[in-house]
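Have a look at the structure below before the remarks.
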Amino acid sequence: MPGTKGFVIAGFVGRMPMSMLGIGIVLLISTLTGSYATAGAISATVAIAFAVAAPLSGRLVDRFGQARVLVPLVFLHGAALIAMMLFAEYEAPIWTLFASGVVVGGAATSLGSMVRARWSHLLGGSAQLHTAFSFESVADEVIFVAGPALVTGLTTMVNLYAGLIVALVCTVIGTVAFALQRRTEPPARPAMAEAGSPIMIPGVALLSCVFLAMGAVFGSVDLITVAFAEDNGAKAASGLLLGAFAGGSMVSGLWYGLRQWRISLRHRFVRGLGVFAIGLTPILVIADTKVMAVGLFFAGLAISPTIITGYALIERLVPAHLMTEGMSWISTAVGFGVALGAWAGGRLTDSFGASNAYAFSIVSALLAVAIGVGGSTWLRTPETDAPGAHSAAT
187 MPGTKGFVIA GFVGRMPMSM LGIGIVLLIS TLTGSYATAG AISATVAIAF AVAAPLSGRL
247 VDRFGQARVL VPLVFLHGAA LIAMMLFAEY EAPIWTLFAS GVVVGGAATS LGSMVRARWS
307 HLLGGSAQLH TAFSFESVAD EVIFVAGPAL VTGLTTMVNL YAGLIVALVC TVIGTVAFAL
367 QRRTEPPARP AMAEAGSPIM IPGVALLSCV FLAMGAVFGS VDLITVAFAE DNGAKAASGL
427 LLGAFAGGSM VSGLWYGLRQ WRISLRHRFV RGLGVFAIGL TPILVIADTK VMAVGLFFAG
487 LAISPTIITG YALIERLVPA HLMTEGMSWI STAVGFGVAL GAWAGGRLTD SFGASNAYAF
547 SIVSALLAVA IGVGGSTWLR TPETDAPGAH SAAT
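The sequence shown begins at 187 in my numbering and counts up one residue at a time.
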């Protein structure tokens, strides 16, 4: 469609660091301090700050437009990340790393939500939106395949700070280029965006709780896998292991997006959660690095279908004038979950070893299933569950 290529490419580059920042910080801090607990705590601080700020920045975008909000935030984020690296280099007090981490996370933008909001603005109510959301999920997984391997290789083989520097450059260039594409930008609605909040919608609240638990899986697996690889004498392979996790999701995203589904979004979401929990279980008993790569690939197969369906449900549940904030709540939930997972994963890894710490990831996945199944009636929408309703809406 006219104008879409530019924001798709810019959005892809701008959100590349979402798979690089956390593991880059873990690699940097764990190397300098020798503690995965400290590294996990700082990474969690960044994630919590992002989670708190994402709905606020989403609301500002709905009121004032994407360009006016994104540009100042991305430069503040870049300055804070530079400060964090300087504090680490010159062995500043540990609290300075936490303080700069708050700004790094708070000024980070949920660019994936902004991209999806543009697609929703262009294709809302059409069957093509399923394909667009599936495409963006596959793009996310390409990022999660390439990003961890890239930042790990740069950090371990080039320079301890190289991975975070590349992440910084991608963030600034991609976000500014995205903001400059005004043709496809959703219109700002200052007056309408002031009323209400999407989190008060029961279905949005339920989805946020589910993605909180899924985020805990992502955050814990990221950190524990780095320690698992180091325990097996292959720390440089940790990025490839995490890439395998995302690779399974990328493959399933392509398959899922190419199909036309007859069952409702609600049922697809619940089934995806169940497959996710089942697929994750075998990693608890794997001790070999190569076998772990295979296990993580299969564990990742349910991620994209679940996330695609979650965003599609948000698009159906939230009014258009609150769409960016509504989608940001998924980012917020995942961010809080990643913070919890990184913190718990670090503590459990230091106390019980990496292989045993994976139990936390599996329990978090089971919790996501329990929440999703227990509240699935709140995800019922006329467009998805009534026979013929989707065709009429289209």
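Note that CB positions come from ideal geometry on N, CA and C, so glycine has one too.
query, result
"Cβ pair count under 8 Å reaching 3, the region 270–286 against the region 381–392", "no"
"Under 7 Å between C-beta atoms of residue 582 and residue 482", "This structure does not reach residue 582, given that the chain is present from 187 up to 580, and the question cannot be answered."
"Residue burial classification, residue 421 (beta-carbon count within 10 angstroms, cutoff 16)", "buried"
"Reduced DSSP secondary structure (H/G/I, E/B, other) of residue 501", "helix"
"Three-state secondary structure (DSSP) of residue 472", "coil"
"C-alpha distance - residue 494 paired with residue 325, whole-angstrom precision", "12 Å"
"C-beta contact flag for residue 484 and residue 434 at 7 Å", "yes"
"Residue 566 vs residue 457 beta-carbon contact at 7 Å", "no"
"Cβ shell of residue 286 (< 7 Å), same chain only, five flanking positions each side left out", "266, 269, 270, 273"
"Residue 277 (DSSP reduced to helix, strand or coil)", "coil"
"Exposure label - residue 404; buried when at least 16 CB within 10 Å", "buried"
"CB contact flag (residue 334, residue 244, <7 Å)", "no"
"As assigned by DSSP and simplified to three states, the class of residue 371", "coil"
"Closest residue to residue 199 among 486, 353, 212, 478 (Cα-Cα distance)", "353"
"Beta-carbon gap between residue 410 and residue 226 smaller than 7 Å", "no"
"Reference residue 290, options 490, 443, 478, 211, closest by Cα", "211"
"For residue 524, the nearest candidate out of 193, 216, 237 (CA to CA)", "237"
"Residue closest to residue 555, alpha-carbon to alpha-carbon, out of 213, 455, 369, 239", "455"
"Rounded straight-line distance, which links the Cα of residue 438 to that of residue 498", "17 Å"
"Reference residue 196, options 248, 301, 235, closest by Cα", "301"
"Beta-carbon contacts of residue 559 that lie in its chain and below 7 Å, excluding the five residues immediately before and after", "456"
"As assigned by DSSP and simplified to three states, the class of residue 347", "coil"
"Reference residue 429, options 220, 339, 316, closest by Cα", "339"
"Residue 218 versus 447, 460, 342, 445, residue with shortest Cα-Cα distance", "342"
"Of the residues 362, 295, 315, the one placed nearest residue 242, counting alpha carbons only", "295"
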